[in-house]
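Going down the list, the sequences are from chains R and S.
Numbered continuously in this note's numbering, the first sequence closes out at residue 319.
Numbered continuously in this note's numbering, the second sequence closes out at residue 291.
Backbone N, C-alpha and C fix where the C-beta goes; we use that ideal spot for every residue, glycine too.
All values reported here derive from a predicted model rather than from experimental measurement.
Below you'll find the structure, written out as structure tokens, and then a few comments.
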Amino acid sequence: MFGFVGQRLLYLVPVLIAVTMLTFLIASLLPGDLAYVMLGDQATPDKVAALRAQLGYDLPLWQRYLNWLGDVVTGDLGRSFRTGETIMSTVLDRLPVSIELMILTEIMALGLGIPLAILCAVRSGGALDRFLTGAAFAKLSLPSYMVAIVLIYIFAVELNWLPATGYVPLAEDPWGNLRSFLLPAMTLAFGEWPVLMRVLRSDMIATLQEDYIAMAKAKGLRPARILLVHALKPSSLTLITVSGINIGRLIGGALIVETIFALPGIGRLLVGAIYARDFMILQGVVLFVAAGFVVVNFVVDLLYAVLDPRIRHGRA
Amino acid sequence: MAVLDVGSDTSAVTPVRKRRGPGPLFLCAASWLVLIGMAAILADRLPMQSPFDMDMLGKRLPPGSAHLLGTDNFGRDVLARLIYGARISLSVGLLAPVIGVVIGGCLGMLAGYFRGPWETLITGGADVLLAFPPLVFALAVTTYLGQSIPNMILVIGILGIPAFTRVARAVTLTLSQREFVVAARALGATHARILLRELLPNVALPLLAFFLLLVAVTIVVEGALSFLGLGVPPPAPSWGSMIGEGRESLEIAPWLAFLPAGVMFITVLAFNVIGDTLRALTDPRPARL
């Protein structure tokens, strides 16, 4: 088990390094010399050269990358060229928004996906199962921006229940904050629940064939107890993997949904950084997003062992 | 041939199960794609209004006799824009995955056939591309190279490479163990011959099915980029940018967003239906999901 974890970690380090290198390369390819942007009207060749030297822009690309990497290892992600704030504080500022969105999305998606999956697994091939299979398939063709528009139209324009866009800080008005998150979370959850339902359903159908389920039935346990206590836990491995991937992705911000609903999360920070050519923010956020993804997947691997004793004892 | 062998095996075990052939849904999907495809190809010759002519007095007209599907925020004919939008969505949707299927397919086959350090390198590279936020890449490239249709095809095409690599590698891995490959090798066939004559015909079909599924994904991604204002530069119509423009007038003229969204949904669904039917036909295992 520890060997497996160690192996995973060893594999992920080069992936993270390659991702940040790629970001560095792309950032350096973007047009527009930052020294000119920063100096604006006062740009003289001397001043530009001095500023470039100060920023380390006169160094070759690989040396700049190594300098940056060295700083990162010591915990210094640098400062934004434009605002002067540290990358760390900028990211931490935006992170709660993306995390709140992620939590609400997962609650909705799992809340809908798990019960429906159990119902489908119990009566697999039944009317509900066939209907939801079709719905899950049709959902593949519905991107988030379409769902967002339909939801805005129904809940904001027609019913006028929820705000169409905008963000209210949690400290200011908790209820207004929740309301501003409901539509974006619904949009994301709508994309996610069919996937969760499908994977849990097929795993559950397989689990229900196992001997120990037959044993539990023979003991005369109530069906609800068999399903929820005996079958659900060992069936949820793929479900956890998939939600883990989704959580990892959502920590990096839901770019399109955050843009549509004007939520100031990590995704919008990223888009803003690209538009403003703020390479330090871009670089820091990409590293953060990739690292978050890696960590979540790592935690998921550990959860397997907790959920299924067979993995813990190395028999699976 | 290998695919057929396995297929007859499974049908012998479960003779009751009927193979999923082209059903009515498949035919509907195919006819819709033919219709949209014809409209896109013949867009210039169809008797309809120009998709660019603005009419500031006839803004946001509801669907009616003068404009079959109404007019948009600038008084442009929505039907004409939908048909010209089909041109862009379909050409990006069909061309971008070609980049992925050629490059990703080659890399995946090499990785699955030769194994060893090549495989580690190629799958590692695919993992890096997968871990990299795709929209960042798209945003960066459109900022750097400018917004145009060829650039968008390039971006989406490159982003599709790792997925094709994985599919091609997985299929090649299992096929390489099969008797006909072993037999070819025993007969002294070169690597190139085995790859091209023995493996490629068998890898091609699963890749084609995956290709169609990726066409659907590509149309959605193109829509997302255009929706964010990073895709096709205006005033060229694209379904995504039409949805984006329609969003702003959702309260006054909801059909401006819903019409392109509906057309796009049906088109993407059609590609998914056809791709899935093909996948079910090429997948020798009986459908479990």
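Query raised in the report: Any idea if residue 302 (chain R) is buried or exposed, counting beta-carbon neighbours within 10 angstroms, 16 or more meaning buried?
Result: Flag for residue 302 (chain R) reads exposed.
Report task. Would you mind stating whether residue 258 (chain S) and residue 246 (chain S) have Cβ atoms separated by less than 8 Å? Result -> If you check the CB distance, residue 258 (chain S) and residue 246 (chain S) do not come in under 8 Å.
Query raised in the report: Can you name the start and end residues of the alpha helix (DSSP H) that residue 109 (chain R) belongs to?
Result: Unbroken alpha helix (DSSP H) run through residue 109 (chain R): 90 to 125.
**Report entry** Short CB-CB distance (under 8 Å) between residue 111 (chain R) and chain S
**Finding:** It does not; no Cβ of chain S falls within 8 Å.
Requested in this report: Could you check what DSSP says for residue 73 (chain S) in three-state terms: helix, strand or coil?
Outcome: Look at residue 73 (chain S) here: in three-state DSSP terms it is strand.
Query raised in the report: Is the Cβ of residue 281 (chain S) closer than 8 Å to any Cβ of chain R?
Result: Residue 281 (chain S) does not count as touching chain R.
Query raised in the report: Do you know offhand how far residue 290 (chain S)'s Cα is from residue 205 (chain R)'s?
Result: Because the pLDDT of residue 290 (chain S) is 43, which lies under 50, any placement of that residue in the model is unreliable, and the number read from its coordinates should be weighed accordingly. About 8 Å.
Query raised in the report: Is the shortest distance between the beta-carbon of residue 33 (chain S) and the beta-carbons of chain R less than 8 Å?
Result: Judged by the 8 Å Cβ criterion, residue 33 (chain S) is not in contact with chain R.
Query raised in the report: From residue 89 (chain R) to residue 243 (chain S), what distance separates their C-alpha atoms?
Result: Distance between the alpha carbons of residue 89 (chain R) and residue 243 (chain S): 36 Å.
Query raised in the report: What do you reckon, are the CB atoms on residue 238 (chain R) and residue 210 (chain R) nearer than 8 Å?
Result: Closer than 8 Å, so yes.
Query raised in the report: Can the beta-carbon of residue 209 (chain S) be found closer than 8 Å to that of residue 185 (chain S)?
Result: In this structure, residue 185 (chain S) does not lie closer than 8 Å to residue 209 (chain S) by Cβ.
Query - Rounded Cβ spacing between residue 99 (chain S) and residue 128 (chain S) (contact assumed at less than 8 Å) - result: Residue 128 (chain S) and residue 99 (chain S) do not touch by the CB rule: their CB atoms are close to 16 Å apart, not below 8 Å.
Requested in this report: Give, in chain order, every unbroken run of the alpha helix (DSSP H) that is at least 4 residues long and sits entirely within the region 223 to 258 of chain S.
Outcome: For the region 223 to 258 of chain S, the full-length alpha helix (DSSP H) segments reaching 4 residues or more read 241 to 250 along the chain.
Query raised in the report: For the region 145 to 161 of chain R, which residues have a CB atom closer than 7 Å to at least one CB atom of chain S, in sequence order?
Result: For the region 145 to 161 of chain R, the beta-carbon criterion of a distance under 7 Å to any beta-carbon of chain S is satisfied by 145, 146, 148, 149, 152, 155, 156 and 160.
Query raised in the report: What are the start and end residues of the alpha helix (DSSP H) that includes residue 222 (chain R)?
Result: No residue range can be given for residue 222 (chain R), since it is assigned to no alpha helix (DSSP H) and is classified by DSSP as neither H nor E.
Query raised in the report: Out of curiosity, what's the CA-to-CA distance linking residue 156 (chain S) and residue 139 (chain S)?
Result: Cα to Cα, the separation comes out at about 11 Å.
Report task. Could you tell me which chain R residues have their CB closer than 8 Å to the CB of residue 199 (chain S), listed as they occur along the chain? Result -> Per Cβ cutoff of 8 Å: no residues; residue 199 (chain S) is ~35 Å from chain R at best.
Query raised in the report: Got a sec? Which residues, its chain only, sit under 7 Å from residue 44 (chain S) by beta carbon, not counting five neighbours each side?
Result: Cβ within range, chain order: n/a, list empty.
**Report entry** Contact list for residue 17 (chain R) against chain S, beta-carbon separation under 8 Å
**Finding:** Against chain S, the beta carbon of residue 17 (chain R) has neighbours under 8 Å at 126, listed in chain order.
Query raised in the report: Taking Cβ positions, are residue 3 (chain R) and residue 260 (chain R) nearer each other than 8 Å?
Result: Missing from the structure shown is residue 3 (chain R); chain R here goes from 4 to 319 and no further.
Requested in this report: Identify whether residue 21 (chain R) lies in helix, strand or coil by the three-state DSSP scheme.
Outcome: Three-state DSSP puts residue 21 (chain R) in a helix.
Requested in this report: Would you mind working out which of R:270, R:310 and R:277 sits nearest residue 95 (chain R), comparing C-alpha positions?
Outcome: The shortest C-alpha separation from residue 95 (chain R) is found at R:270.
Query raised in the report: Could you give the residue range of the alpha helix (DSSP H) that holds residue 205 (chain R)?
Result: Secondary structure note for residue 205 (chain R): its alpha helix (DSSP H) is the uninterrupted segment 177 to 210.
Query raised in the report: Looking only at DSSP bridge pairs, what is residue 82 (chain R) linked to?
Result: Bridge partners of residue 82 (chain R): R:89.
Query raised in the report: Alpha carbon to alpha carbon, what distance is there between residue 269 (chain S) and residue 49 (chain R)?
Result: Each residue's Cα considered, the two are about 57 Å apart.
Query raised in the report: Can you tell me where the alpha helix (DSSP H) with residue 272 (chain R) in it begins and where it stops?
Result: Residue range 269 to 278 is occupied by the alpha helix (DSSP H) that includes residue 272 (chain R).
Report task. Let me know the secondary structure DSSP gives residue 281 (chain R) once reduced to three states. Result -> In the three-state DSSP reduction, residue 281 (chain R) falls in the coil class, being neither helix nor strand.
**Report entry** C-beta neighbour in chain C for residue 262 (chain R), strict 8 Å
**Finding:** No chain C is present in this structure, whose protein chains are R and S.
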